[in-house]
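Under this note's numbering, the letters of the sequence shown match residues 1 to 214, in that order.
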Amino acid sequence: MTLEAAFSTERLSKYRQWANQNRDEALALYALNIALSETFYTSLHILEITLRNAIHDRLTARYGAGWFQNAQVITDHYQQKKVQEAVSKFRGKQPTDGQIVAELTFGFWTALFGRRNNQLWGQELRPLFNAGRPLQRKQISKRLDDTRQLRNRIAHHESIIQWDLATVHQEICELVGWLSPDALNWCNANCHFRSVHPGMPIIIGNLKNPALVF
Numbered sequence: 001m002t003l004e005a006a007f008s009t010e011r012l013s014k015y016r017q018w019a020n021q022n023r024d025e026a027l028a029l030y031a032l033n034i035a036l037s038e039t040f041y042t043s044l045h046i047l048e049i050t051l052r053n054a055i056h057d058r059l060t061a062r063y064g065a066g067w068f069q070n071a072q073v074i075t076d077h078y079q080q081k082k083v084q085e086a087v088s089k090f091r092g093k094q095p096t097d098g099q100i101v102a103e104l105t106f107g108f109w110t111a112l113f114g115r116r117n118n119q120l121w122g123q124e125l126r127p128l129f130n131a132g133r134p135l136q137r138k139q140i141s142k143r144l145d146d147t148r149q150l151r152n153r154i155a156h157h158e159s160i161i162q163w164d165l166a167t168v169h170q171e172i173c174e175l176v177g178w179l180s181p182d183a184l185n186w187c188n189a190n191c192h193f194r195s196v197h198p199g200m201p202i203i204i205g206n207l208k209n210p211a212l213v214f
């Protein structure tokens with residue numbers, strides 16, 4: 001089986017287009033995309049667990065255990081359904097709050113910053129972010145939505161090299177730092193993004209730049 005058959009011609013066609021139909025350069029771009037996707041695992045991992053634990057601690061202190069099943073806290077029907085789905089996975093057993101928190105998707109947590117949950121922002125969620133300046137809900141929501149989209153693209157093995165990855169990575173790390181400076185320090189010490197990402201923008205369709213030869 002050829003690489004084209006193994007990876008699919010359709011999947012590689014985008015990379016071939018970017019590489020002006022040069023097969024070797026297209027495969028180099030494909031390898032670079034995989035390598036960059038791998039480097040995001042640390043920052044995405046740390047952001048997700050730090051965010052959900054910060055929210056869980058805050059809302060537990062305010063509304064008590066099982067806050068996610070309180071219809072006065074989670075007012076959106078779609079998110080209520082997601083909580084029910086998470087609980088149902090334990091097949092009649094009584095899961096701990098921590099188990100349910102771990103089962104809820106990243107999309108559940110990011111949706112808490114959407115318009116439908118605006119009531120949670122001012123008193124509950126805004127204080128989680130120590131940015132040193134006033135933050136609006138839309139700012140956090142936009143960043144988290146961008147992060148979720150990137151996470152989904154990586155999970156589905158889609159291309160990300162056409163994104164401004166340096167900026168996206170910086171914004172993810174900034175979110176982590178606003179939530180927990182200690183978590184950011186740990187993330188920086190264990191993240192390899194900067195050692196893999198070229199020191200200059202990736203120019204799609206021009207691989208003459210040595211930074212693009214992976």
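Heads up, the beta-carbon is just placed ideally off N, CA and C, and yes, glycines get one too.
Item, Value
"In angstroms, rounded to a whole number, what distance separates the CA positions of P127 and I140?", "12 Å"
"Which of the three DSSP states is assigned to A54 in this structure?", "helix"
"Under three-state DSSP, which class holds D76?", "coil"
"Buried or exposed: where does R52 fall if 16 or more other Cβ atoms within 10 Å of its Cβ makes it buried?", "buried"
"Return the CA-CA distance between V83 and I34, expressed in angstroms with no decimal places.", "33 Å"
"D182 lies in the alpha helix (DSSP H); which residues open and close that run?", "181-190"
"With a threshold of 16 other CB atoms inside 10 Å of the CB of R143, please say whether the residue is buried or exposed.", "buried"
"Quick one: does the C-beta of L128 sit closer than 8 Å to a heavy atom of the ligand MN?", "You won't find the ligand MN in this model; it holds no ligand whatsoever."
"Cα separation between S88 and D24?", "48 Å"
"Apart from the five residues on each side of it in sequence, which residues of its chain come closer than 6 Å, Cβ to Cβ, to V213?", "Residue placement at V213 cannot be trusted, given a pLDDT of 38 that sits under 50; what the coordinates show is reported in the next sentence. Here the set comprises nothing."
"Would you mind sorting N117 into buried or exposed? The rule is 16 or more other CB atoms within 10 Å of its CB.", "buried"
"May I ask you to report which of helix, strand or coil DSSP gives A155?", "helix"
"Mapping the DSSP letters down to three states, classify P127 as helix, strand or coil.", "helix"
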